[in-house]
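Here is the structure we will look at, set down as structure tokens.
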Amino acid sequence: MNITPNSQLTIDANQEDRAQAIRDSLRDAIVDRRLAPGTKLSEAEVGTLFDVSRTVVRYALQMLTFEGLVKTERNRGAFVSNPTPDEAQQVFASRRLIEPGIVSAAAERITAEDIKGFRTHLEEEERYKTERGAAARRAEIKASGDFHLMLARVAGNAILEKFMDELVARSSLVIALYGRTGVSSCGHDDHARVLDALEAGDVSLATELMLHHIGHIEADLDLRVGDGLTLKQALNL
Ligand SMILES: [Zn+2]
């Protein structure tokens, strides 16, 4: 089955809800790295597990393909994406373009109530940073991404919010793949500094801090690993 953006999949509203729920479950499993990059996502198996038709599964997989979390190959089916170092860099280049705009839009709309919500969120992030183990690390990656999504929500542009949703999902996958062990995904107290600048109404500082922050996240990745080679290429076979 070849899934392309042109695939004609007609489903009703109820099926669409089911597809959305499957997409959400698979997305969480991919971003949390419970499903490793390269894992095959068999339509039949997913359909059986969620008790839905293949059409609904295809629809869910198509959504994940648009988001870059799944790759589909003609006659081979769907697989969890395995982003190359190049793709990883493109994700962060896109964030550098979009997030300063989100920060300045958020600066215009942020309320005292929002700031309170952000502070509570930052406390949660700090808690995960002090915990050890894979589950805490996954929770930390998720909480770090949520900070950026919260900012996009405050910015009040639904389209930008959707872009950020995709970019954060792709970033989480990249961080899980290329992040150096023990290095926090959004460390350096950057989030707190961005928030302080927003609270002080200093838009240019907040924007500058966000750009530095994105640079920090990228610098914490080890993109030399594997260099995008396949096993066969790496072994010179
Ligand atoms: Zn961050």
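First residue of the sequence shown? That's 8 in our numbering, and the numbers climb one at a time after it.
Idealized CB from N, CA, C, for every residue including glycine.
All of these numbers come straight from a predicted model, not from anything done at the bench.
Three-state secondary structure assigned by DSSP to Glu206: Annotated three-state conformation of Glu206 is helix, per DSSP.
Three-state secondary structure (DSSP) of Glu138: coil
Heavy atoms of ligand 1 versus C-beta positions, residues under 7 Å: So the residues near ligand 1 by this Cβ test are Ser151, Phe154, His155, Cys193, Asp197, His198, His220 and Ile224.
Chain-order list of residues whose beta-carbon lies under 8 Å from that of Ile10 (same chain, five-residue window excluded): Note that Ile10 scores a pLDDT of 48, beneath 50, so its modelled location is shaky and nothing firm can be said.
Residue burial classification, His220 (beta-carbon count within 10 angstroms, cutoff 16): It counts as buried.
Euclidean distance between Cα positions of Glu138 and Ser179: 19 Å
Environment of Ser151 [buried if 16+ CB atoms lie within 10 Å]: buried
Alpha-carbon spacing of Asp197 relative to Leu129, whole angstroms: Each residue's alpha carbon lies about 10 Å from the other.
Beta-carbon proximity list for Ala112, same chain, < 7 Å, skipping 5 on both sides: Hits under 7 Å: Ala162, Gly163 and Asn164.
Length of the line joining the Cα atoms of Glu225 and Gln96: 8 Å
C-alpha distance - Glu120 paired with Val201, whole-angstrom precision: 16 Å
Sequence-distant residues of its chain with Cβ nearer than 8 Å to Phe154 (five each side left out): Phe125, His128, Leu129, Glu132, Cys193 and His198
Ranges of the alpha helix (DSSP H) found wholly within the stretch 26–108, counting only runs of at least 4: 50–57 and 61–73
Which of helix, strand or coil DSSP assigns to Gly222: Correct three-state label for Gly222: helix.
Buried versus exposed, by CB contacts within 10 Å (16 or more), Leu236: Interpretation of Leu236 is limited by its pLDDT of 49, a score under 50 that renders its predicted location unreliable; no figure is taken from the coordinates.
Thr55 burial status per 10 Å Cβ neighbour count (16 or more: buried): exposed
Sequence-distant residues of its chain with Cβ nearer than 8 Å to Thr46 (five each side left out): Phe86 and Val87
Gly186 - DSSP class collapsed to helix/strand/coil: strand
Inter-residue spacing [alpha-carbon to alpha-carbon] between Val210 and Arg116: 12 Å
For Leu228: DSSP bridge partner residues: Gly186
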